[in-house]
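4 protein chains.
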Amino acid sequence: MKEALARLRKFRDDRDWKQFHNPKDLSLALSIEASELLELFLWKSPEQADIDKVKEELADVVAYALLLADSYELNLEQIVLDKIAKNEQKYPVSKAKGTAKKYTEL
Amino acid sequence: MKEALARLRKFRDDRDWKQFHNPKDLSLALSIEASELLELFLWKSPEQADIDKVKEELADVVAYALLLADSYELNLEQIVLDKIAKNEQKYPVSKAKGTAKKYTEL
Amino acid sequence: MKEALARLRKFRDDRDWKQFHNPKDLSLALSIEASELLELFLWKSPEQADIDKVKEELADVVAYALLLADSYELNLEQIVLDKIAKNEQKYPVSKAKGTAKKYTEL
Amino acid sequence: MKEALARLRKFRDDRDWKQFHNPKDLSLALSIEASELLELFLWKSPEQADIDKVKEELADVVAYALLLADSYELNLEQIVLDKIAKNEQKYPVSKAKGTAKKYTEL
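Respectively, the protein sequence lines represent chains P, Z, B and C. Here this note's numbering is used: the first residue of the first sequence is 2, the next is one more, and so on. Here this note's numbering is used: the first residue of the second sequence is 2, the next is one more, and so on. Here this note's numbering is used: the first residue of the third sequence is 2, the next is one more, and so on. Here this note's numbering is used: the first residue of the fourth sequence is 2, the next is one more, and so on.
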């Protein structure tokens with residue numbers, strides 16, 4: 002994701018937008034984009050969404066995820082790897098296999 | 002993100018969870034995680050969020066973004082790069098510099 | 002909704018919470034509660050949600066809607082009636098009947 | 002909210018939309034509208050949102066809340082009153098006064 006992050010920083014700085022990018026509003030933006038992604042599935046069965054639009058909305062989500070991680074000087078792939086390790090504890094295979102229950106209900 | 006995606010696939014398959022991971026519910030999960038991230042800023046100023054929790058919720062968002070992209074056989078970095086190219090058209094520097102207005106209002 | 006609003010105001014003021022209730026954070030809270038409601042349907046078919054939990058999360062959404070409307074001195078029922086009148090223009094029966102398309106696509 | 006609900010039912014039935022209105026998609030729609038409301042505050046201070054747009058997005062949220070409650074034959078005001086009673090237990094004045102902490106942290 003190094004190239005994407007470099008491009009996003011340049012895009013932001015060319016427009017002088019860093020002034021707006023505090024972590025609270027970046028999280029808000031990410032959540033709004035996630036909701037626009039969700040809207041592509043509204044009133045539809047899962048396979049009916051328009052893939053080209055999914056691409057764009059999903060890209061927007063990830064763009065804000067990269068900018069938010071960057072604002073805390075976090076490496077996005079590293080925090081995902083750390084979280085998977087945590088989830089392996091929360092959802093042991095023996096209990097979680099084949100069930101969609103939340104870890105609090107296992 | 003290759004390692005993260007490989008680990009996520011294994012995590013999912015070890016638990017036999019692919020059956021639940023249709024694109025609609027993956028988008029729903031992504032949106033719910035984005036909202037949990039947002040909650041870390043609720044009633045707070047931007048700098049008051051707990052960074053360790055931000056890490057975890059942001060990781061959850063990106064994990065679902067990776068799984069959703071994978072379900073469509075999309076490369077997450079590539080779609081971000083494609084979207085930046087589009088946004089450079091939507092938000093020309095000459096119009097967008099220093100303003101947080103949406104492209105529809107520029 | 003007069004009784005509910007009166008009770009919410011008292012609940013808030015007894016706890017000295019008005020200081021936190023600016024419209025931005027109230028909207029954030031509303032959105033977070035909407036997402037908790039949504040989580041009750043995650044990985045599930047529509048009829049599988051736990052109704053008692055739906056009640057509670059839906060109540061939280063409406064509580065914040067009442068407080069947000071109140072912060073602008075808006076009457077919640079009135080704005081819904083006004084919006085329905087608008088939607089009758091946006092979605093004429095002749096075009097919208099039987100289709101889930103957005104008005105921009107009709 | 003009786004008049005609003007009656008108008009919403011008629012609006013829906015005139016367009017033959019009940020077929021789309023399962024509780025999962027209604028919750029999805031509610032969450033999407035909540036996010037559109039939130040977008041009015043993005044990159045802004047709380048007092049900078051456009052009140053006319055807040056009115057409309059908030060109305061959309063409440064419209065879906067009414068339809069969702071109706072699909073379960075719930076009375077929206079009653080469930081809010083029931084939830085306030087619950088919250089009085091979760092957030093006792095002696096512990097919650099003047100703090101924005103979640104009940105799990107009190």
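Ideal placement from N, C-alpha and C gives every residue a C-beta, glycine not left out. Quantities reported herein were computed from a predicted structural model and do not represent experimental measurements.
Exercise for review: Kindly indicate if chain B contains any beta-carbon less than 7 Å away from that of P/W44.
Suggested key: Chain B contact via Cβ: present.
Check your understanding: Does any C-beta atom of chain P lie closer than 7 Å to the C-beta of C/L29?
Key -> The Cβ of C/L29 sits closer than 7 Å to at least one Cβ of chain P.
Review point. Within this structure, are the beta carbons of C/L107 and C/K98 separated by less than 7 Å?
Key: Against a cut-off of 7 Å, the Cβ pair of C/K98 and C/L107 comes out as no contact.
**Study point:** Where C/Y92 sits in the DSSP three-state scheme
**Key:** It is coil, neither helix nor strand.
Practice item. Under 7 Å between beta-carbons, which chain B residues line up against Z/I33? List them in chain order, please. Key: What Z/I33 touches in chain B: S36, L39, E40 and L43.
Point to revise | Best match in B/L82, B/Y104 and B/K87 for proximity to C/R8 [C-alpha to C-alpha] | key: The alpha carbon of C/R8 has as its nearest neighbour, out of B/L82, B/Y104 and B/K87, the alpha carbon of B/L82.
Review point. In whole angstroms, what is the alpha-carbon distance linking P/T105 and C/K84?
Key: Between P/T105 and C/K84, the C-alpha separation is close to 22 Å.
Check your understanding: Beta carbon of C/I33, beta carbon of B/A60: below 7 Å?
Key -> No, the Cβ-Cβ distance between C/I33 and B/A60 is not below 7 Å.
Check your understanding: Closer than 7 Å, CB to CB, is B/A50 near chain P or not?
Key -> By this cut-off, B/A50 is not an interface position.
Check your understanding: In three-state terms, what does DSSP make of B/F12?
Key -> Note: B/F12 maps to helix in three-state DSSP.
**Study point:** Extent of the continuous alpha helix (DSSP H) to which Z/L27 belongs
**Key:** It spans P24 to E40 - the alpha helix (DSSP H) in which Z/L27 sits, taken as one unbroken run.
Check your understanding: Is Z/F42 closer than 7 Å to P/S36 when the C-beta atoms are compared?
Key -> No, these two residues do not count as a Cβ contact at 7 Å.
Review point. Does P/D26 get closer than 7 Å to chain C when you measure Cβ to Cβ?
Key: Interface annotation, P/D26: in contact with chain C, CB-CB separation under 7 Å.
**Study point:** Contacting positions in the segment 73-95 of chain B - beta carbon closer than 8 Å to chain C
**Key:** Answer set for the segment 73-95 of chain B: Y73, L75, L77, E78, I80, V81, L82, D83, K84, I85, K87, N88, E89, Y92 and V94.
Point to revise | Meets three-Cβ-pair contact criterion under 8 Å: the segment 45-58 of chain B and the segment 43-53 of chain C | key: Look at the beta carbons and you see the segment 45-58 of chain B not touching the segment 43-53 of chain C: under three pairs across the two are nearer than 8 Å.
Practice item. Using 10 angstroms around the beta-carbon of Z/D26, count the other beta-carbons present and answer buried if the total reaches 16, otherwise exposed. Key: Buried is the call here.
Point to revise | Inter-residue Cα distance where the pair is C/L69 and P/S46 | key: Straight-line spacing of the CA atoms in C/L69 and P/S46 works out to 19 Å.
Review point. When you compare only the Cα positions, how much space is there between Z/P24 and B/R16?
Key: As the crow flies, the alpha-carbon of Z/P24 is around 42 Å from that of B/R16.
Point to revise | N- and C-terminal bounds of the alpha helix (DSSP H) containing Z/D71 | key: Its alpha helix (DSSP H) spans residues I52 to S72.
Review point. Taking C-beta to C-beta, are Z/V63 and P/A101 nearer than 7 Å?
Key: Result no, Cβ atoms of Z/V63 and P/A101 do not sit closer than 7 Å.
Point to revise | Interface partners of C/E106 on chain B, CB under 9 Å | key: Result: empty, since nearest Cβ-Cβ is about 15 Å, beyond 9 Å.
Review point. Z/A101 versus chain C: which residues are under 9 Å apart at the beta carbon?
Key: Per Cβ cutoff of 9 Å: L43, W44 and K45.
Point to revise | Between the CA atoms of C/E78 and B/W18 - distance to the nearest angstrom | key: Just so you know, the alpha carbons of B/W18 and C/E78 end up roughly 22 Å apart.
Practice item. Taking all protein chains shown into account, decide if B/E4 is buried (16 or more other Cβ within 10 angstroms of its Cβ) or exposed. Key: So B/E4 ends up on the exposed side.
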